[in-house]
Each structure stands twice: as C-alpha cells, then as structure tokens.
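Residue numbers (my numbering): 28 to 130.
We put the CB at the ideal spot given by N, CA and C, even for glycine.
No experiment lies behind these values; they were computed from the predicted model shown.
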C-alpha cells in the first residue's frame, strides 16, 4: 500500500516505514503529525485518485528531528562594475518517519 501526499508545495510517494526529509513543520520532535492532503492511494492494486484530494485519507507520521539542509551560496556579480554580493541560505527541514496510511 502506498500513497502520494502533498506538503510544502511538493509531492511525495510514501509507504509505511519510509523516512523523509521535508520542509519544516511546526511540530516538536517525538510528536505525531497527520497529513490530510493525500492525492492518491493504492491499496492492493485498487487506485483511488482524489479531485484534488482523497476524501477521508490521511498519512500519519512521527517527527524524528528538526534539521538544517546544506548551505547554498548565492553569488551575484556584474563584470567591470566592481559589484559583487555573496549570500548564503540554509533551508530548515523536518525528518519524519511514516507510521501508517489510513484510507
């Protein structure tokens, strides 16, 4: 059994027991989080596609930890003008482990 869920503007194909790094959720490590934006569910070969979501379907996950992604460097420069600018960004991530898919 698997499901396609949406969070943070991205879609993920998940099964029970999967571990994912997703964009930051406002949840404490060790707590449980329920995703209700489930777009597709495949249960024993029977595929249910939502319009836009599957009614009553949820994905339950445990929040493992809150982390930071690798640093991305943004470098801007205009040649022959003496202009250059360096910026950095680290995306905040949440590590989750999928517990169950309820359809």
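- A Cβ-Cβ separation of about 5 Å places residue 54 in contact with residue 60 under the 8 Å criterion.
- Counted as a single uninterrupted DSSP element, the stretch harbouring residue 28 is not any beta strand (DSSP E), since DSSP gives it neither H nor E.
- Between residue 123 and residue 41, the C-beta spacing is not below 7 Å.
- In the assembly as shown, residue 100 is an exposed residue. Its beta-carbon has fewer than 16 other beta-carbons within 10 Å.
- Secondary structure of residue 68 (DSSP, three-state): strand.
- Contact annotation: the segment 73-83 does not touch the segment 91-105, with fewer than three C-beta pairs closer than 8 Å.
- Shown here for residue 71: same chain residues with a beta carbon closer than 8 Å to its own, the five before and five after excluded, namely 28 in chain order.
- Contact check for residue 85 and residue 65: beta-carbon distance about 7 Å, within the 8 Å limit, so the pair qualifies.
- The Cβ atoms of residue 127 and residue 87 lie closer than 7 Å to each other.
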